[in-house]
Amino acid sequence: MADKKKVLVIGGGFSGLTAAVETAEAGSEVVLVEKTGFLGGRVAQLNKYFPKLCPPNCGLEINYKRIKNNADITFYTLAEVESISGQEGNFNVTVKLNPRFVNDKCTGCNACNEACPVEMPNEFNYGLDKTKAAHIIHNQAFPFKYVIDGKHCKGTSCAKCVEACKYDAIHLDMKPETITLNVASVVLASGWEPYDITKLDNLGGGNIKNVITNMQMERLASPNGPTSGKILRPSDGKEPKNIAFVQCAGSRDENHLPYCSYICCMASLKQATYLREQYPDSTVRIFYIDIRTPGRYEQFYWKVKDDPGVTLTKGKVARLTEAAGGDVELVVEDVLAGNKITEKYDMVVLAAGMVPSTKAAKIPGEISYTHEGFVVPAFLKKGMFAVGSLKSPVDVAKSVQDATGVAIKTIQSARR
Amino acid sequence: MADATVVKPDLDFVKGVIASGGDSLKKCYQCATCTVVCNVTPDKNPFPRKEMLWAQWGLKEKFQGNPDVWLCHQCNDCSAYCPRGAKPGEVLGAIRKQTIKQYSAPGALVDIVNKKALMPLIFIIPAVLLAVLLSAAGTFKIHDGDVIFSKFASTHFLQFVFTPALLFGVAVGVMGMRKFWADMKQTNKVYSGDLNASVMATLKDIVGHKKFKQCDVSSDRFVSHFLVFYGFVAAAIATAIGVLYIDILGMESPFSLGYGTPVKIFGNIGAIGIIVGIILMMSNRFKNAEKLGEGSYFDWLLLSIIAIVGISGFLAQLLRVAGVAPIAYPVYFIHLVFVFSLFIYLPFSKLAHMFYRGAAICFNKYSGREAQTQ
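So the sequences go chain by chain: S and R. The first sequence begins at -19 in the working numbering and counts up by one. The second sequence begins at 19 in the working numbering and counts up by one.
Dropping the structure here:
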């Protein structure tokens, strides 16, 4: 191929990774840009995939390896697309590369982290613990390079990390750079955000310590999470033995997200297995409007339902308050029994919905969005494609299938 | 399957609810957010979720003797949090209207109040009736000299016409309430209880507006209802004092006792309470109307009648004092017409809530169900 035309993939989560490696392995040159400092996106934060309950590294590591072994993929982390212009075959894209303050000489020795005096909330763990301004995002991060958080770092006036680094890997004077790319086609893969639970005022509005989100639950259960995989409630580190799940925390609600987030029922059923496995004497109660386990996922629902420690109750939880001793008081109507019940739980998990990242952060360029922030593929410009949760709430397996399918469209576009 | 239940939907009932302000009914998907955020429902068989389902399915008989639609004070906490915009508050209001239709006889008057197309009759019938009677008495004209309303409609005329109107309204309402009470007992299989204590406790609730205080999103409704309610109480006291002066002390109207007398004090406090309260009620209806609903024809009709009664009464007084006879007498006539409407349509308009809601609150105490409320 004499004139390999480039393909740009925006977003390095599972959808973007898949689109990038599938496209590159078919012989197109790919540039992958990712806003955070690591690849893998939300999947990297999971403890296990449903329904097979295997750890996410299964899929992620293979993709990292495929990237490493493929000279046709260039990727940038801490990179933000600033503008997209032109048309299919000739898109001009400017990308801002934010400084990592750490270069390729980093060996991951952790000396900078030990020296760093600045603590900051650990975003990767959804604020469940703290990290330092000089940190590795997580212990399986790819690329395995430390990063210095520009917002929290005190800069050259401190520079304790620079002194601590034996490899001359830290340069606090790094500046943002802007690069220009010319690409034939663009794949939008900027993924999703969990719904902001501070908007759910009747569910505590994010102010009740032992009311956590489903993604926080993934971090609590994850071996590289804040509690090394032991599920402990945030307020006092107590082992939660009596846990409620609140389905549709924001989803299927015109006041919040007027759509079903698709994954939350399966996610809660899956998380019930985490709890039941760690604490065989625990009880889990899942409150739902409807349990939605589409297609063959129904079998997973049966499996969890058969566990005598798990109860499923029809009724939307519409009130949560903090009770004495850190417990959470929950009010719901048990619809099938016709009673309004008030119960106390050690911990409550909100099955928070999925919001397309483009709800808050629009991708520059002529892209139209639904009022929920989703991208409608039919309205995209020729040569532009969208994958995964940017189009509709979707699980990992379907994201991968979708991204693989889009790869062929991208290749066709790049060769027109 | 020996006890198979055959559902007999009454489509006309469903259409009736939809037509009278419950058009969002079918949006409900039974999540039960409403029952949880409702502060006035009992915990056992709570409302309004079950009512939403019954109404969707046209299970009219479920509403026979159902106190719950009347325990609802339309705080609208349910509608504010409803994830589907099904507006349970408005739907229950529409169902209540169906109950009034069911219990308040005769049907023709219910239709006049409830059909928008027949709205003019509400005013024309009393207007014609009063005009004919006043003409017969020979006083239906603009009188010369100082404005003295007793020249236009003598106090004896007022007593002979308005007392029967009010008695008719109350009698029909009480009859409907008795039927409703009997149905509630039968439906809920409650055959005994402490009626006196329940009535006293209900009166205490009403006097203190206890239920309104439990509302969250429309806590301001406490103020507006309180003002209108006590406005009417004050007006009634003023009327009673008037009756005392005329019938017992043998005084003649106008009393010429100045503004410091109990009649004037109660009358004016009442008028101001009614006017301010009703304006608050009306403006509250527009707050977040998209989410909560802006009220049905049925609601607005009562609000309008009360507003006109209050404003025309107060205005008539101002015009009398100012001595503007050509306007004062017509305004006073309008006032009389609307007061008459209010009385005779008492059991057929939304005002009938005083009978049915009162009975439902009382029944909830009588049956011991209220004790189960949080």
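For every residue, glycine included, the Cβ atom is placed at its ideal position computed from N, Cα and C. In this text the structure is predicted, and so the values were computed from the model without any measurement.
- Between K28/S and P35/S a beta carbon distance of about 6 Å is seen, short of the 8 Å cut, so the two are scored as contacting.
- The beta-carbon distance between Y350/R and I160/R, rounded to whole angstroms, is 10 Å. This is too long to meet the 8 Å contact definition.
- Three or more pairs of CB atoms, one per stretch, sit closer than 8 Å, so the stretch 312 to 329 of chain S contacts the stretch 60 to 70 of chain R.
- Nearest neighbour of G288/R by Cα position, chosen from V208/R, I324/R, S314/R, turns out to be I324/R.
- At least one beta carbon of chain R lies nearer than 8 Å to the beta carbon of I269/S.
- Distance from S248/S to A377/S at the Cβ level is roughly 18 Å; contact not present, criterion being Cβ atoms closer than 8 Å.
- Relative to Q74/R, the option among N94/R, W88/R, L110/R whose CA is nearest is L110/R.
- Residues of chain S with a Cβ closer than 9 Å to the Cβ of K62/R are, in chain order, G318, N319, K320.
- Here the alpha carbons of I271/S and T193/S stand approximately 18 Å from one another.
- With a 10 Å radius around the Cβ and a threshold of 16 neighbouring Cβ atoms, V150/R comes out exposed.
- Here DSSP, grouped into helix, strand and coil, assigns A341/S to coil.
- Listed by position along chain R, the residues whose Cβ is nearer than 7 Å to that of D233/S are P101.
- In this structure, the CA atom of F247/R is about 42 Å from the CA atom of Y268/S.
- Annotation: the continuous alpha helix (DSSP H) that includes K378/S extends over 376 to 394.
- About 16 Å separates the Cβ atoms of S314/R and I140/R, ruling out a contact at the 8 Å cut-off.
- Three or more Cβ pairs closer than 8 Å define a contact, and the stretch 17 to 31 of chain S meets that threshold against the stretch 239 to 254 of chain S.
- For the 8 Å CB-CB criterion, M334/S and I243/S form a contact.
- Flagged as an interface residue toward chain R: E313/S, by a C-beta distance shorter than 8 Å.
- Short of 6 Å from the beta carbon of I159/S, and not among the five residues preceding or following it, lie these beta carbons of its own chain, in chain order: V75.
- Closest option to T53/R, judged by alpha-carbon separation, among G295/S, L300/S, L(-12)/S, E302/S: G295/S.
- The Cβ-Cβ distance between L310/S and S170/S does not fall below 8 Å.
- Shown in chain order are the members of the stretch 284 to 297 of chain S whose Cβ falls below 9 Å from a Cβ of chain R: K294, G295, K296, V297.
- Under the three-state reduction of DSSP, L183/S is assigned to helix.
- Its Cα nearest to that of E388/R, the residue N57/R stands out among C46/R, C49/R, A155/R, N57/R.
- Of the residues V82/S, W282/S, V1/S, the one whose Cα lies closest to the Cα of V11/S is V1/S.
- Here I266/S is bridged, per DSSP, to F225/S, L292/S.
- For R387/R, the closest Cβ of chain S is not nearer than 8 Å.
- In this structure, DSSP gives S137/S a helical state, which the three-state scheme calls helix.
- By the beta-carbon neighbour count (other beta carbons within 10 angstroms, threshold 16), V297/S is buried.
- Excluding sequence positions up to five before and after S236/R, its CB lies within less than 6 Å of the CB of C93, N94, all in the same chain and listed in chain order.
- Between S38/R and A112/R, the alpha-carbon positions lie close to 5 Å from each other.
- Closer than 8 Å to the CB of N182/S there is at least one CB belonging to chain R.
- For V167/S, the closest alpha carbon among the candidates V380/S, I(-10)/S, E352/S, N93/S is that of I(-10)/S.
- In the three-state reduction of the DSSP assignment, K(-14)/S falls in the strand class.
- S172/R and D162/R have their alpha carbons spaced roughly 16 Å apart.
- Assigned with DSSP and collapsed to three states, G66/S falls in strand.
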